[in-house]
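Trainee:
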């Protein structure tokens, strides 16, 4: 079976692993520490191995950004700090155009349209309603797997506190 890998970050990596484990098309997940091109900071993240014939990259990103806000610079819930910032980390150059397109979409989503005299509708860069997108798509240079005690944390600790409303998430994703 042909599989691909993509890496996600944003908030608590235990929660991210619980989100992606068991999704249709996801073959395996493991959490660890990510380091990207041009950045010496480590970020907590997850490796998602998936079958691209069953789930595509944009669907995985839709799920990521359903539980992680790209508009916050430093994490989610109680996981606050630069090591918890949202992002997508890739190793395959063929994924970069799709990731950049998606990130551009996120960066421009929510801007109110402004009508021009020529009858065109454009986004007003001076609008105060513009939200800054902090999530980035970054070339992964290093992934260090976290200790076994961190892997599948919510399976081992089902009553652990979580920022995610699991019932609402499962209803939305339908798995």
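Residue numbers (this note's numbering): 7 to 181.
Just so it is clear, CB atoms sit at the ideal spot from N, CA and C, and this is done for glycine as well.
To the nearest angstrom, how far is it from the Cα of residue 164 to the Cα of residue 174?
Mentor: Position 158 of the chain shown, counted from the first residue, corresponds to residue 164. Position 168 of the chain shown, counted from the first residue, corresponds to residue 174. Computed Cα separation, rounded: 16 Å.
Trainee: Just to confirm, is the Cβ distance from residue 4 to residue 38 under 8 Å?
Mentor: Residue 4 cannot be examined here, being either before or after the span of the chain that is shown, 7 to 181.
Trainee: Here's the rule I'm using: 16 or more other beta-carbon atoms within 10 Å means buried, otherwise exposed. How should residue 161 be labelled?
Mentor: Stepping through the chain shown from its first residue, residue 161 is reached at position 155. It counts as exposed.
Trainee: With a threshold of 6 Å on Cβ separation, who are the neighbours of residue 13 within its own chain once the five nearest residues in sequence on each side are excluded?
Mentor: By one-based count along the chain shown, residue 13 stands at place 7. The residues are 40, 51, 53, 95, 146.
Trainee: In its own chain, which residues sit with a C-beta less than 8 Å from the C-beta of residue 7, not counting the 5 before and 5 after it?
Mentor: Along the chain shown, read from residue 1 onward, the residue named residue 7 stands at position 1. Cβ neighbours of residue 7 beyond the five flanking positions: 33, 57.
Trainee: Indicate the three-state DSSP secondary structure (helix, strand or coil) for residue 68 in the structure shown.
Mentor: As a working mapping, residue 68 is identified with position 62 in the chain shown. DSSP places residue 68 in helix when its eight states are reduced to three.
Trainee: So who's on the other strand from residue 50, going by DSSP bridges?
Mentor: For the purposes of this step, residue 50 is identified with residue 44 of the chain shown, where counting begins at 1. In the DSSP output, where bridge partners are listed per residue, residue 50 has 39.
Trainee: Specify the secondary structure class of residue 10 as computed by DSSP and reduced to three states.
Mentor: What you label residue 10 is simply residue 4 of the chain shown in a count that begins at 1. Strand at residue 10.
Trainee: Short of 8 Å in beta carbon distance, which residues of its chain neighbour residue 104, apart from the five on each side in sequence? Order them along the chain.
Mentor: The residue labelled residue 104 in the question sits at position 98 within the chain shown. Cβ neighbours of residue 104 beyond the five flanking positions: 63, 64.
Trainee: Tell me whether residue 44 is buried or exposed, calling it buried when 16 or more other Cβ atoms sit within 10 Å of its Cβ.
Mentor: In the chain shown, the residue the question calls residue 44 occupies position 38. By the 10 Å Cβ count, residue 44 comes out exposed.
Trainee: Going by beta carbon distance, what residues of the same chain come within less than 6 Å of residue 75, once the five residues before and after it are set aside?
Mentor: Counted from its first residue, the chain shown places residue 75 at position 69. Excluding sequence neighbours, residue 75 sits near nothing in its chain.
Trainee: Can you list, in chain order, the residues of its chain with a C-beta nearer than 6 Å to that of residue 26? Leave out the 5 residues immediately preceding and following it.
Mentor: One-based indexing of the chain shown puts residue 26 at position 20. These residues qualify, in order along the chain: 32, 35, 54.
Trainee: State buried or exposed for residue 78, treating a residue as buried only when at least 16 other CB atoms are found within 10 Å of its CB.
Mentor: Within the chain shown, numbered from 1, the residue matching residue 78 stands at position 72. Buried, since its Cβ has 16 or more Cβ neighbours within 10 Å.
Trainee: Could you tell me which residues DSSP pairs with residue 149 in its beta bridges?
Mentor: By one-based count along the chain shown, residue 149 stands at place 143. Residue 149 pairs with 40.
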